[in-house]
RNA sequence: GUGGAUGUAGUUCAAUUGGCAGAGCACCGGAUUGUGGUUCCGGGUGUUGUGGGUUCGAGUCCCAUCUUCCACCCCA
């Protein structure tokens, strides 16, 4: 084998693709039933869009983004995430003028240069939904509800929802300061990563897995104590809605979203069975992003999820997504006359919407029937010398083994 | 980017101290030339990830490289 698939990418083969289709169509149906409409944006964008939205210091920008120059030496990037392009498109197409609220969903590949692992790829497929134009806590809950409904429709059970509020820029500032005050006396004891985090993103300290850091972080001040009155109220209202919608959740004050632009609600859906890469989806409110990109003050809340991890979860829970489509009929043709008549029948039946399979390279009667069985066809349509002579087609039900002879013209009606 | 494992047939796995690369499943063909699934018979389908090295001889030992996996980092 001379050529190999690039590292961190994968083919979706026919044996898998029907599972993907099932999950994707379930997401589409769910989003649609919540009033979300699809938006499709390009796979690459100007580099600056992501630098501006994700924050230049973020890992995504620093080490994970695929950048390249085109022939006019414009710097472009394969999109590492879906929200910024949606926001770009929203602003560019003046969608705020068309409707007060825009509810959008997207599906497609994202790209991050990262070390591959189970459930983590360099080209991976995400779905996402964004509700743009309202600050109302109902929509925070609706976005979460969209995800739980989606998971329920797929039949997934072992998924946890954790929510948090990261506050607004105001209380956020106070909190970061409190964290720095708290951790600074311990700086010598912290792991090198955490010493670094203290300078760049204090909140990341709360997440560290090194036992000693963990024990120090255990007594650190909680974000929830630093929320101002308005943020607190918003967070409570989101929870009220979740309760009304019958959605179970845990509050986890340690949730930190990776990207800079989040405000208020932040949440994650986790599957504890998945190992290290256990976040199925995550999201939150990003009232600050529009300002960051386009200078307009537009509130929004959204979610993004990964299909790979979803499919892994479905596998560990052994949930059957239904097999691949089975053909209605397989043509078994023996003899030259039968081949002619059968080919015509094949074309007619396909024209009227049936799925019919025929393979001229299988010549023996037995080989054709075997193939019909192999492909799980519902019926075998048999035409041989006998049928030709009598102007009929033998129809065999491959499940029951029952067989009947019918008039050549009436085949379509029976199947 | 850091640390640690891994790789043999389509697939799951064998192969003794270095001594002719094998088995189940799958696949293909056949079992009175018109009846599939079950059964029986036959067939191994391979650059042992790749490239070097040691050796009379390497799947096995050494070096490099790639892939995948585990953890970190990060996140979907």
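Numbering (the working numbering), first residue to last: 202 to 616. Beta carbons: idealized from backbone N, C-alpha and C, even for Gly.
By alpha-carbon distance to residue 438, the top candidate from 334, 274, 339 is 339.
For residue 406, the closest alpha carbon among the candidates 379, 432, 426 is that of 379. In the assembly as shown, residue 598 is an exposed residue. Its beta-carbon has fewer than 16 other beta-carbons within 10 Å. When secondary structure is reduced to three states using DSSP, residue 332 falls in the strand class. Taking the CA atoms as reference points, residue 244 sits about 38 Å from residue 425. Contiguous beta strand (DSSP E) elements confined to the stretch 273-300 occur at 276-279, taking only those with 3 or more residues. For the pair residue 607 and residue 596, the Cα-to-Cα distance works out to about 7 Å. Residue 550 has no beta-bridge partner at all, per DSSP. When DSSP states are grouped into helix, strand and coil, residue 396 belongs to the helix group. Rounded to whole angstroms, the separation of the alpha carbons of residue 538 and residue 508 is 50 Å. When Cβ pairs closer than 8 Å are counted between the two stretches, the stretch 263-276 is seen not to touch the stretch 293-303, the count staying below three. The stretch 281-291 makes contact with the stretch 494-502: 3 or more CB pairs, one atom from each, lie closer than 8 Å. According to DSSP, residue 268 shares a beta bridge with 278. Residue burial is scored here from C-beta neighbours: residue 611 has fewer than 16 other C-beta atoms within 10 angstroms and is therefore classed as exposed. Rounded to the nearest whole angstrom, the C-alpha separation of residue 513 and residue 482 is 13 Å. DSSP, reduced to helix, strand and coil, places residue 536 outside both helices and strands of the structure shown, so it counts as coil.
The alpha-carbon of residue 524 is positioned some 43 Å away from that of residue 295.
Only exposed fits residue 519, as fewer than 16 other CB atoms lie within 10 angstroms of its CB. Residue 281 and residue 313 have their alpha carbons spaced roughly 5 Å apart.
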